[in-house]
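2 protein chains.
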Amino acid sequence: MAPDDALNATFAALADPTRRAILARLAQGEASVKQLAEPFAISAPAITKHLKVLERAGLITRGREAQWRPCRLHAGPLRQVADWVEEYRRFWEQRLDRLEDYLRELQAQEQRHDPQS
Amino acid sequence: MAPDDALNATFAALADPTRRAILARLAQGEASVKQLAEPFAISAPAITKHLKVLERAGLITRGREAQWRPCRLHAGPLRQVADWVEEYRRFWEQRLDRLEDYLRELQAQEQRHDPQS
DNA sequence: CTTTTAATTTACCAATTGGTTAATTAAGAG
DNA sequence: CTCTTAATTAACCAATTGGTAAATTAAAAG
């Protein structure tokens, strides 16, 4: 998978609260599909679909144990997410965005009060 | 916006390479819609739609300057993304997931070779 | 006032998404 | 062999998504 496609799939997989809850559950240890479905008011096939999305994004792997299909967290793709978002850290930490807003606002007001400059 | 909804909107906004490219461009300074559209082979309305998605996620803010509508990066929501993903850092850094895979594999093989245990 | 430029809105389309119910597969248990 | 449990597949549906072309708004420029 091209790195760009991987990020697409990962972000898309994370954009659903049910799937994020599934990952949170798996962070505490492996679980069967039924165990994963238990906290949610949706059908088993819906869970299966969510798991497929997570699997295609490489965020979980699945085993086989009798009639159960245990899911395990595979956090690897989250590293790329962390790397990607890290590029923007300075923008929220140093509040560069707010600073720019402020400077722009100042400038706009000055032009309003002093249009000939 | 509830924090959960905010994460949904942010992750969904980031799940598109065009929108990520727009954010990368805005990290270098504000830009008009036309400037943002220039690198892409898609129509202006398509860009407008992408900008609306980014705006609803709170990732950009927009000004008005004559007939231009300059966009600015607003990285605030990315902090929640960083916080969320940070919870999973130990899983990819300490390779806990791989370790579990390995142990499970070992166990499975043992059961295959030694079924009566 | 007319024209040009920037951008948005509207209306439409095909593909994807998140959900459902019903049917099917797979494996263990009586 | 039959029944039960776990899970998936298939078929379907409504809503959303990412795109288009055409029309519209907004403001500057001739």
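As given, the protein sequences belong to chains V and D, one line each in that order.
Add 45 to the 1-based position in the first sequence for the numbering used here, that's all there is to it.
Add 45 to the 1-based position in the second sequence for the numbering used here, that's all there is to it.
Using N, Cα and C, we set each Cβ at its ideal position, and we do this for glycine too.
On the DSSP bridge assignment, give the partners of residue i in chain order.
{"i": "V/A72", "result": "Beta-bridge pairing links V/A72 to no other residue."}
{"i": "V/W113", "result": "V/E110"}
{"i": "D/L123", "result": "In the DSSP output, where bridge partners are listed per residue, D/L123 has none listed."}
{"i": "V/L118", "result": "V/I105"}
With a CB to CB cut of under 8 Å and the five nearest residues on each side skipped, what residues in its chain are close to residue i?
{"i": "V/A58", "result": "R64, V98, L99, R101, A102 and L104"}
{"i": "D/S77", "result": "W113, R114, P115 and C116"}
{"i": "D/I87", "result": "T63"}
{"i": "V/Q125", "result": "P48, A51, L52 and T55"}
{"i": "V/H119", "result": "G103, L104, I105 and T106"}
Between which two residues does the alpha helix (DSSP H) containing residue i stretch?
{"i": "V/E138", "result": "R134 to E138"}
{"i": "D/P48", "result": "P48 to L59"}
Grouping DSSP H, G and I as helix and E and B as strand, with all else coil, what is residue i?
{"i": "D/I87", "result": "coil"}
{"i": "V/V130", "result": "helix"}
{"i": "D/Q161", "result": "Note that D/Q161 scores a pLDDT of 33, beneath 50, so its modelled location is shaky; the value from the coordinates is reported in the next line. Coil, per DSSP."}
Could you tell me the alpha carbon to alpha carbon distance between residue i and residue j, rounded to whole angstroms?
{"i": "V/A91", "j": "V/I67", "result": "13 Å"}
{"i": "D/Q156", "j": "V/L123", "result": "Because D/Q156 sits at a pLDDT of 47, beneath the cut-off of 50, its placement in the model cannot be relied upon, and the following sentence gives the value as read from the coordinates. Those two C-alpha atoms are separated by around 32 Å."}
{"i": "V/H95", "j": "V/A72", "result": "16 Å"}
{"i": "V/Q80", "j": "V/A60", "result": "22 Å"}
{"i": "D/T106", "j": "D/R70", "result": "14 Å"}
{"i": "D/W137", "j": "D/A111", "result": "49 Å"}
{"i": "D/T93", "j": "D/E131", "result": "32 Å"}
{"i": "V/G108", "j": "D/E75", "result": "48 Å"}
{"i": "D/Y133", "j": "V/R134", "result": "18 Å"}
{"i": "V/E85", "j": "D/A127", "result": "This sequence places Phe at residue 85 of chain V; Glu is not what is there. About 26 Å."}
Once the 5 residues before and after residue i are set aside, which same chain residues still bring their CB inside 6 Å of it?
{"i": "D/H158", "result": "Residue placement at D/H158 is flagged as unreliable, the pLDDT there being 40, under the threshold of 50; the coordinate-derived value follows with that caveat. Correct list: empty, nothing qualifies."}
Excluding five sequence neighbours on each side, which residues of the same chain lie with their C-beta closer than 7 Å to the C-beta of residue i?
{"i": "V/G121", "result": "G103"}
{"i": "D/A82", "result": "A89 and I92"}
{"i": "D/W129", "result": "L52"}
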